[in-house]
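Peer 1: A single structure is presented below for examination.
In this note's numbering, the protein residues as written are 5 to 346.
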């Protein structure tokens, strides 16, 4: 786990992690695969863009990808623009079958997720796959350019350290210590960066993302915040989740959250960006105090309705026999998933 939002000369770690949610989220992940997991990443100077270069986890099924492409989320953010060529009413088209379907926004499976695979997705989505040179999408790349032997036509996206990121041991093994030091320092022996260099000015989350990209590791999206529009679905985001605050946790305990999607968010959220303001420590303690009972309460409310397990996390494993009915997944294949007792 990393909550590293290290600005030059002003490093700070300001992320609160929800361990129970992380355990549920990562249950099917192979830790030996190179995973850098987050659904809050910067691309083209914006966060949450569905077109951003990334992959889905290796264990996600094609049935889930098809289901997400046609599912109707009633509380999709109003600011999300419809995908180019899409009308908002996708009708069961196969994933990636045509540009007129919303299905083409669904990222590929990463087994592993490489920069080439993630970049190919974005180039195909945006229709610029014929470009021969790397696309400059960030101010850092515009100012400092790309390192020698840069591997893709895409400018690399980077995770937002404050929102949190989960890094597997497989990813760490991809970058030897000596290579990692070269990612952060111009002079490795002295542990220094040139005054006007990227390594001197860039934040730690950007430099770490670039380091992984250069060593063959791209970002994996957990796949719970996929949306029909141009931006990801805020309701199901696991990093910096909309329920990762004291007010939502209190409402979960009292049974006053507005919908089941908020309850599922309580169970799957992984991190909160608490910031580094004077009240941050008190906020972190409050989250730690409220979270256990809020999680238990969310489980109880869902079970009363006959909704067991892990919601979208279970849906990601279904091979067939899955449908989206009245705001919930319905599993018609009895062997498709196992309900989680916790």
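Just so you know, even glycine gets a beta-carbon here, dropped at the ideal spot from N, CA and C.
Mind checking who residue 243 pairs with in its DSSP beta bridge?
Peer 2: Mapped onto the chain shown, residue 243 falls at position 239. The partner list for residue 243 (beta bridge, DSSP) reads 275.
Peer 1: Residue 213 lies in the alpha helix (DSSP H); which residues open and close that run?
Peer 2: Counting from 1 along the chain shown, the entry for residue 213 is found at position 209. 208-218 is the extent of the alpha helix (DSSP H) around residue 213.
Peer 1: Where does residue 79 sit, in a helix, a strand or coil, going by DSSP?
Peer 2: Taking the chain shown and counting its residues from 1, the one referred to as residue 79 is at position 75. Legend: pLDDT at residue 79 = 49, less than 50; position of this residue unreliable, value from coordinates given subsequently. If DSSP states are grouped into helix, strand and coil, residue 79 belongs with coil.
Peer 1: Alpha carbon to alpha carbon, how far is residue 227 from residue 211?
Peer 2: What you label residue 227 is simply residue 223 of the chain shown in a count that begins at 1. What you label residue 211 is simply residue 207 of the chain shown in a count that begins at 1. Residue 227 and residue 211: Cα-Cα distance of roughly 24 Å.
Peer 1: Could you spell out the range, first to last residue, of the alpha helix (DSSP H) harbouring residue 306?
Peer 2: On the chain shown, position 302 is the one that residue 306 refers to. From DSSP, the alpha helix (DSSP H) with residue 306 extends over 284-308.
Peer 1: Are the segment 223-241 and the segment 51-63 touching by the rule of at least three beta carbon pairs closer than 8 Å?
Peer 2: Verdict: yes, contact present.
Peer 1: Going by DSSP, what residue range makes up the alpha helix (DSSP H) through residue 23?
Peer 2: Within the chain shown, numbered from 1, the residue matching residue 23 stands at position 19. 23-29 is the span of the alpha helix (DSSP H), which, as asked, contains residue 23.
Peer 1: Taking the straight line between their C-alpha atoms, what separation do you get for residue 122 and residue 41?
Peer 2: Taking the chain shown and counting its residues from 1, the one referred to as residue 122 is at position 118. Taking the chain shown and counting its residues from 1, the one referred to as residue 41 is at position 37. Roughly 13 Å between the two C-alpha positions.
Peer 1: Taking its Cβ as the centre, do 16 or more other Cβ atoms sit within 10 Å of residue 325, making it buried, or is it exposed?
Peer 2: Counted from its first residue, the chain shown places residue 325 at position 321. When all chains shown are included, residue 325 counts as exposed.
Peer 1: Taking 7 Å as the limit between beta carbons, can you name the residues of its chain near residue 339, skipping five residues before and five after?
Peer 2: To locate residue 339, count along the chain shown from 1; it is residue 335. Because residue 339 carries a pLDDT of 43, less than 50, the predicted location of this residue cannot be relied on, and no value is offered for it.
Peer 1: Which word fits residue 146, buried or exposed, when buried means at least 16 other C-beta atoms lie within 10 angstroms of its C-beta?
Peer 2: Start at 1 with the first residue of the chain shown, and residue 146 comes out as number 142. By the neighbour-count rule (16 or more Cβ atoms within 10 Å), residue 146 is not buried but exposed.
Peer 1: With burial defined as no fewer than 16 other Cβ atoms inside 10 Å of the residue's Cβ, what is the status of residue 191: buried or exposed?
Peer 2: For the purposes of this step, residue 191 is taken as residue 187 along the chain shown, with counting starting at 1. Per the 10 Å Cβ criterion, exposed.
Peer 1: Quick check on the burial criterion: 16 or more other C-beta atoms within 10 angstroms. Buried or exposed for residue 23?
Peer 2: As a working mapping, residue 23 is identified with position 19 in the chain shown. Its Cβ having fewer than 16 others within 10 Å, residue 23 is exposed.
Peer 1: Could you check if residue 119 is buried or exposed, using at least 16 other CB atoms within 10 Å of its CB as the buried criterion?
Peer 2: On the chain shown, position 115 is the one that residue 119 refers to. Buried: at least 16 other Cβ atoms inside 10 Å.
Peer 1: Should residue 116 go down as buried or exposed, given a rule of 16 or more other Cβ atoms within 10 Å for buried?
Peer 2: The residue given as residue 116 occupies position 112 in the chain shown. Answer is buried; the Cβ neighbour count reaches 16.
Peer 1: DSSP has residue 42 in a bridge; who is on the other side?
Peer 2: In the chain shown, residue 42 corresponds to position 38, counting from 1. Residue 42 is not bridged to any residue.
Peer 1: In the structure shown, what three-state DSSP assignment does residue 171 receive?
Peer 2: Residue mapping note: residue 171 aligns to position 167 of the chain shown, counting from 1. Looking at residue 171 - three-state DSSP - the assignment turns out to be strand.
Peer 1: Leaving out five residues before and five after residue 316 in sequence, what residues of the same chain have Cβ atoms less than 6 Å from its Cβ?
Peer 2: One-based indexing of the chain shown puts residue 316 at position 312. Contacts found: 228.
Peer 1: Identify whether residue 71 lies in helix, strand or coil by the three-state DSSP scheme.
Peer 2: For this step, residue 71 is matched to residue 67 along the chain shown. Note: residue 71 maps to helix in three-state DSSP.
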